[in-house]
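A.B. asks: Residue numbers (the numbering used here), protein chains in the order written: chain Z, 1 to 146; chain G, 1001 to 1146; chain C, 2001 to 2146; chain Y, 3001 to 3146; chain U, 4001 to 4146; chain E, 5001 to 5146.
6 protein chains.
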Amino acid sequence: MVLAIDRRIGKHAILLAMSNEQEVSSLTIPVQWKSCIGKVGSMDSQKVVAAIETAAKREGIIKTEGYRETHALYHAIMDALSGVTRGQVQLGAVMRTVGLRFAVVRGNPYEDVEEGDWIAVALYGTIGAPVRGSEHETIGLGINHI
Amino acid sequence: MVLAIDRRIGKHAILLAMSNEQEVSSLTIPVQWKSCIGKVGSMDSQKVVAAIETAAKREGIIKTEGYRETHALYHAIMDALSGVTRGQVQLGAVMRTVGLRFAVVRGNPYEDVEEGDWIAVALYGTIGAPVRGSEHETIGLGINHI
Amino acid sequence: MVLAIDRRIGKHAILLAMSNEQEVSSLTIPVQWKSCIGKVGSMDSQKVVAAIETAAKREGIIKTEGYRETHALYHAIMDALSGVTRGQVQLGAVMRTVGLRFAVVRGNPYEDVEEGDWIAVALYGTIGAPVRGSEHETIGLGINHI
Amino acid sequence: MVLAIDRRIGKHAILLAMSNEQEVSSLTIPVQWKSCIGKVGSMDSQKVVAAIETAAKREGIIKTEGYRETHALYHAIMDALSGVTRGQVQLGAVMRTVGLRFAVVRGNPYEDVEEGDWIAVALYGTIGAPVRGSEHETIGLGINHI
Amino acid sequence: MVLAIDRRIGKHAILLAMSNEQEVSSLTIPVQWKSCIGKVGSMDSQKVVAAIETAAKREGIIKTEGYRETHALYHAIMDALSGVTRGQVQLGAVMRTVGLRFAVVRGNPYEDVEEGDWIAVALYGTIGAPVRGSEHETIGLGINHI
Amino acid sequence: MVLAIDRRIGKHAILLAMSNEQEVSSLTIPVQWKSCIGKVGSMDSQKVVAAIETAAKREGIIKTEGYRETHALYHAIMDALSGVTRGQVQLGAVMRTVGLRFAVVRGNPYEDVEEGDWIAVALYGTIGAPVRGSEHETIGLGINHI
Ligand SMILES: [Mg+2]
Ligand SMILES: [Mg+2]
Ligand SMILES: [Mg+2]
Ligand SMILES: [Mg+2]
Ligand SMILES: [Mg+2]
Ligand SMILES: [Mg+2]
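#1: Indicate, with yes or no, if ligand 5 has a heavy atom lying under 7 Å from the CB of HIS4075/U.
#2: In the structure shown, what three-state DSSP assignment does ALA129/Z receive?
#3: In the structure shown, what three-state DSSP assignment does GLU3053/Y receive?
#4: Check the Cβ of ASP3117/Y against every Cβ in chain C and list those closer than 7 Å, keeping chain order.
#5: Leaving out five residues on either side along the sequence, give the residues of the same chain with a beta carbon under 7 Å from the beta carbon of LEU3/Z.
#6: Assign LEU123/Z to one of three DSSP states: helix, strand, or coil.
#7: Against GLN2090/C, what residues of chain G qualify as contacts under a CB-to-CB distance less than 7 Å, listed in chain order?
#8: Among GLU2021/C, GLU2053/C, VAL2113/C, GLU2114/C, which one has its Cα closest to the Cα of ALA2080/C?
#9: What are the boundary residues of the alpha helix (DSSP H) that LYS11/Z is part of?
#10: What does SER3045/Y pair with, by DSSP beta-bridge criteria?
#11: Let me make sure I understand the geometry here. Which of GLY3099/Y, PRO3030/Y, ILE3146/Y, VAL3105/Y has the alpha-carbon closest to that of PRO3130/Y?
#12: Using only the heavy atoms of ligand 7, determine whether one of them is closer than 7 Å to the beta carbon of LEU91/Z.
#13: Can you find a heavy atom of ligand 1 that lies under 7 Å from the Cβ of HIS5071/E?
#14: Would MET3078/Y count as contacting chain Z if we go by Cβ distances under 8 Å?
#15: Do LEU4141/U and GLU5135/E have their CB atoms nearer than 8 Å?
#16: Among the residues of its own chain, which have a CB less than 6 Å from the CB of HIS2145/C, if the five just before and after it don't count?
#17: For SER1060/G and PHE1102/G, what's the separation of their Cα atoms in angstroms?
#18: Have a look at the DSSP bridge pairing and note the partners of TYR2110/C.
#19: From the beta carbon of ALA5129/E, is the nearest beta carbon of chain B less than 8 Å away?
#20: Under the three-state reduction of DSSP, which class applies to GLY1140/G: helix, strand or coil?
#21: Could you tell me whether the segment 3041–3052 of chain Y touches the segment 84–96 of chain Z, where touching means 3 or more Cβ pairs closer than 8 Å?
#22: Work out the CA separation of ALA1050/G and HIS1012/G for me, nearest whole Å.
#23: Comparing C-alpha positions only, which one of MET4018/U, GLY4010/U, THR4085/U, ILE4143/U sits nearest to ILE5009/E?
#24: Would you mind telling me which residues of chain U sit closer than 7 Å to THR70/Z, beta carbon to beta carbon, in chain order?
#25: Judging by CA-CA distance, which residue of ILE3062/Y, VAL3031/Y, ILE3005/Y is the nearest neighbour of VAL3104/Y?
#26: In chain order, what are the residue ranges of uninterrupted alpha helix (DSSP H) at least 4 long that sit wholly in the segment 54–97 of chain Z?
#27: Distance, Cα to Cα, SER35/Z vs LYS1039/G?
#28: Just checking HIS4136/U against ligand 1 - is the residue's beta carbon closer than 7 Å to any of the ligand's heavy atoms?
#29: For chain Y, find out if any of its Cβ atoms is closer than 8 Å to the Cβ of SER4019/U; answer yes or no.
#30: Checking 8 Å against the spacing of the C-beta atoms, do GLY5083/E and ILE4143/U come in under that value?
#31: Please determine whether the Cβ atom of ILE3143/Y lies at a distance below 7 Å from any heavy atom of ligand 2.
#32: With a threshold of 7 Å on Cβ separation, who are the neighbours of LEU5015/E within its own chain once the five nearest residues in sequence on each side are excluded?
#33: Taking Cβ positions only, does MET1001/G come closer than 8 Å to chain E?
#34: How is the alpha helix (DSSP H) around GLN2022/C delimited, first residue to last?
#35: So ALA55/Z packs on VAL121/Z, CB below 8 Å; how close in whole Å?
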């Protein structure tokens, strides 16, 4: 495939999001790429979006000024949340909560340098009732040109 | 968490779906669990559903008779497709195609034996225009009690 | 409630759709109201819409000329299909089929004569895999001013 | 159909939800089945979910411990809410409120004993603006294996 | 088309919503039609709905008594919000805000007088992050019989 | 607003899509911007997507090689179709057809040159039953960074 085999940005992001701290240290991503990881748990979908945006800006994955890169990241987050929520992008409003690890990765996953930078947002964790243990795993991935 | 740390069924399924044949052989899942992997590429969402159902029945992950287990698998597939399509569960109708590897895993991911069997459907691959290379990665995970 | 207790149009429509031929004969709806019932089974959502529209026009529930009443009926059908499909208004595209009885009822369910005519579309039957018995019940109700 | 004619669990649930107290007393459901009914009115979708879950646990329809049965009920509630809201599972956020009667029924609706228990959640009532009388009827049904 | 060329109600509504005060004064709509315009900015979708409903009633576009016309307007607003939000009718819950101008127009856009009155709700403005300038344009149009 | 007042790309695109040939000739867009207009009528949503993509490439609005610009355009089209279909991005599958004029505009709508190029896809026309005259207007707008 024209997606370079070692630069599958979505796979890299998912592995980062699914790994614990020890495992993360053994993962490699292409040099020149940027990435960050973080955690967020909430019944409030707004807080999930904010946590990822804040981390991505603080870690220098996207520019803090201007709208363009924020827009690219935002829609990648929305796509990732779609996978996590499977239908309605709602948490507390339908009585459920998430505990997520997230990873944001930026780089060019294609053979062709002209494709420029893309951004991947991966979410992995649990979704369920606001009761300890009443939850199952959930995953979401959003990819956008940036 | 009450999800047992080595029995995270969704993570197992995603790793199976993201691995090539060589990598798969180094993965382990809990004994007594059942799993299968496969591939499907199509612009027709019906074919994606059918390919996963057929594989899961042929490989003995779910019973071929009766509705109960088929129902559990079906909704897990729908949830996984939700993550892949992010909004509208449509492929050809909106001019896009997928090339997916899938994994279906069955087992009890919880500490408590009373939780019984659950099923995880993981999808990993590419989605995009029906033109070679005009695609990016996509992921979906559905989990259900069975 | 301002909905008159004996003129709950949605309840009338659902009872019509859920009843077999014998039971239907014992149901009563307000005089001056119009209603029709029918059956449709298909993997093709278009055929479900067409069957209901055709019946409603043939039985004189709505006018065959003009757009206004067709528009009112169409959106009531869409709302009813939403309940039947619960998320994505898709049948064959996600490998499922329906066997439905439908009822269309027209009348004024409110105490106030000024509220004019409303239309209710009720659907009751089964949804599931295209395999005999691999199905469960499903219901949908759409109500619109006409 | 392989759904036993007198054990149509969805129809039973809908009839329970649509009946007033007097009518309910004349309804019968299969012995060995469990059921409960209740009422909830709110602009807050979370309260609707919570009211049904609480009633189902308090009345012993599902187990209070463990996640499995809670998960089955939760998705049946979501499916029922889909029919009630027809598109976006939102109430106050889009300026509407519901007044609902609900019924939860548990039993095996199939000829084959192997199909085990299923759960049906039926909702019937009104949806509309937060103004007395500015509302029409609405229905939702969710069915899941448990 | 059977829609009369000078009475395209949706086009009239969109032009009203997209025009500044100066431009509005040069627009014409058919005599006998009714219209109003207004502004609303919020992260709260409920406030958007309320602002439009309140204006339409205050300006006499729809009747303040009874449900019928309120129902017609409500669904036109929902359709317009669908275009503005493109997928999930959510603002603050997914960390975004809107600044909108709206127009509500009422009249018969068809050649045939029998088609009666229809209502168009047009929304035009910006959607984006709750940060000045981090936004792009958005449009929505809903049309219903009334 | 930071969107430059004369470079509101969405408004330009909507005006192009809503104008007949004579009106189009009197519209102006910023020099250096690119745009194209076209028509498509179909019950097949795939054909609508294809018609817009083909025109945008043929007219040089986006590059024909590489995926990046195709991806940006694709998601703008999807957003525009969301407004046109209001809920389910489906046409023939739910028995409706569209007759649309479309415009694609490319340029930088922001004060800041750093924001680079954005793309707007505007759709305007009719949606309704596959019967002449049984239709009302519909609009959609999608905007993306490119
Ligand atoms: Mg955007
Ligand atoms: Mg089901
Ligand atoms: Mg319509
Ligand atoms: Mg679940
Ligand atoms: Mg309504
Ligand atoms: Mg994409």
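The beta-carbon is built from N, C-alpha and C at its ideal position, and this holds for glycine as well.
C.D. replies: To lay it out plainly:
#1: Position 75 of the fifth sequence, counting from 1, holds the residue named residue 4075/U. Yes; taking the cut-off as 7 Å, the Cβ of HIS4075/U has a heavy atom of ligand 5 nearer than that.
#2: For the purposes of this step, residue 129/Z is identified with residue 129 of the first sequence, where counting begins at 1. Note: ALA129/Z maps to coil in three-state DSSP.
#3: The residue given as residue 3053/Y occupies position 53 in the fourth sequence. GLU3053/Y sits in a helix when the DSSP states are folded into three classes.
#4: As a first step, residue 3117/Y is located in the fourth sequence; it is residue number 117 there, counting from the start. Correct list: empty, because the minimum Cβ distance to chain C is about 13 Å.
#5: Position 3 of the first sequence holds residue 3/Z. Excluding residues up to 5 positions away in sequence, PRO109, TYR110 lie with their Cβ nearer than 7 Å to the Cβ of LEU3/Z in the same chain.
#6: Here residue 123/Z refers to the residue found at position 123 of the first sequence. In the structure shown, LEU123/Z sits in a strand (DSSP, three-state: E or B).
#7: Here residue 2090/C refers to the residue found at position 90 of the third sequence. Against GLN2090/C, the close residues of chain G are VAL1089, in the order they occur along the chain (beta-carbon pairs closer than 7 Å).
#8: On the third sequence, residue 2080/C is found 80 positions in, with the first residue counted as 1. Considering only alpha carbons, the answer is GLU2053/C.
#9: Stepping through the first sequence from its first residue, residue 11/Z is reached at position 11. Its alpha helix (DSSP H) spans residues 9–18.
#10: One-based indexing of the fourth sequence puts residue 3045/Y at position 45. BP columns for SER3045/Y are empty, so no partner.
#11: In the fourth sequence, residue 3130/Y corresponds to position 130, counting from 1. Checked all of GLY3099/Y, PRO3030/Y, ILE3146/Y, VAL3105/Y; the closest Cα to PRO3130/Y is GLY3099/Y.
#12: This structure simply doesn't include ligand 7; it includes ligand 1, ligand 2, ligand 3, ligand 4, ligand 5 and ligand 6 instead.
#13: As a first step, residue 5071/E is located in the sixth sequence; it is residue number 71 there, counting from the start. Not so, every heavy atom of ligand 1 lies at least 7 Å from the Cβ.
#14: Your numbering for residue 3078/Y matches position 78 in the fourth sequence. Closer than 8 Å: yes.
#15: The count along the fifth sequence starts at 1 and reaches residue 4141/U at position 141. The count along the sixth sequence starts at 1 and reaches residue 5135/E at position 135. No. Outside cutoff.
#16: Numbered from its first residue, the third sequence carries residue 2145/C at position 145. So the qualifying residues of the chain are TRP2118.
#17: In the second sequence, the residue the question calls residue 1060/G occupies position 60. In the second sequence, the residue the question calls residue 1102/G occupies position 102. One point to set straight first is that residue 1060/G is Gly, not Ser, in the sequence displayed. Spanning the two alpha carbons is a distance of roughly 16 Å.
#18: Within the third sequence, numbered from 1, the residue matching residue 2110/C stands at position 110. For TYR2110/C, which the question treats as bridged, DSSP gives the partners LEU2003/C.
#19: In summary, chain B is missing from the structure at hand, where the protein chains are Z, G, C, Y, U and E.
#20: Position 140 of the second sequence, counted from the first residue, corresponds to residue 1140/G. Of the three classes helix, strand and coil, the one that applies to GLY1140/G here is strand, per DSSP.
#21: yes
#22: Position 12 of the second sequence, counting from 1, holds the residue named residue 1012/G. Position 50 of the second sequence, counting from 1, holds the residue named residue 1050/G. Between HIS1012/G and ALA1050/G, the C-alpha separation is close to 22 Å.
#23: On the sixth sequence, residue 5009/E is found 9 positions in, with the first residue counted as 1. Answer by Cα proximity: MET4018/U.
#24: The residue labelled residue 70/Z in the question sits at position 70 within the first sequence. Within 7 Å Cβ-Cβ: ALA4129, SER4134.
#25: By one-based count along the fourth sequence, residue 3104/Y stands at place 104. The shortest C-alpha separation from VAL3104/Y is found at ILE3062/Y.
#26: 68–85
#27: Sequence index remark: in the first sequence, residue 35/Z carries index 35 (1-based). Sequence index remark: in the second sequence, residue 1039/G carries index 39 (1-based). When rounded, the distance between both Cα atoms is 30 Å.
#28: Within the fifth sequence, residue 4136/U is the residue found at index 136, counting from 1. Yes, the Cβ of HIS4136/U comes within 7 Å of a heavy atom of ligand 1.
#29: On the fifth sequence, residue 4019/U is found 19 positions in, with the first residue counted as 1. Answer no: the Cβ-Cβ gap between SER4019/U and chain Y never drops below 8 Å.
#30: On the sixth sequence, residue 5083/E is found 83 positions in, with the first residue counted as 1. On the fifth sequence, residue 4143/U is found 143 positions in, with the first residue counted as 1. For GLY5083/E and ILE4143/U, no; Cβs fall outside 8 Å.
#31: By 1-based counting over the fourth sequence, the position of residue 3143/Y is 143. Yes, the beta carbon of ILE3143/Y sits closer than 7 Å to at least one heavy atom of ligand 2.
#32: Stepping through the sixth sequence from its first residue, residue 5015/E is reached at position 15. Excluding positions up to five away in sequence, the list reads LEU5027.
#33: Along the second sequence, read from residue 1 onward, the residue named residue 1001/G stands at position 1. Any reading at MET1001/G needs caution, since the residue's pLDDT is 46, under 50, leaving its predicted position unreliable; the model's value is listed next. Closer than 8 Å: no.
#34: Translated into the one-based positions of the third sequence, residue 2022/C becomes position 22. Per DSSP, GLN2022/C belongs to the alpha helix (DSSP H) from 2021–2024.
#35: Position 55 of the first sequence, counting from 1, holds the residue named residue 55/Z. Position 121 of the first sequence, counting from 1, holds the residue named residue 121/Z. About 10 Å; that fails the 8 Å criterion.
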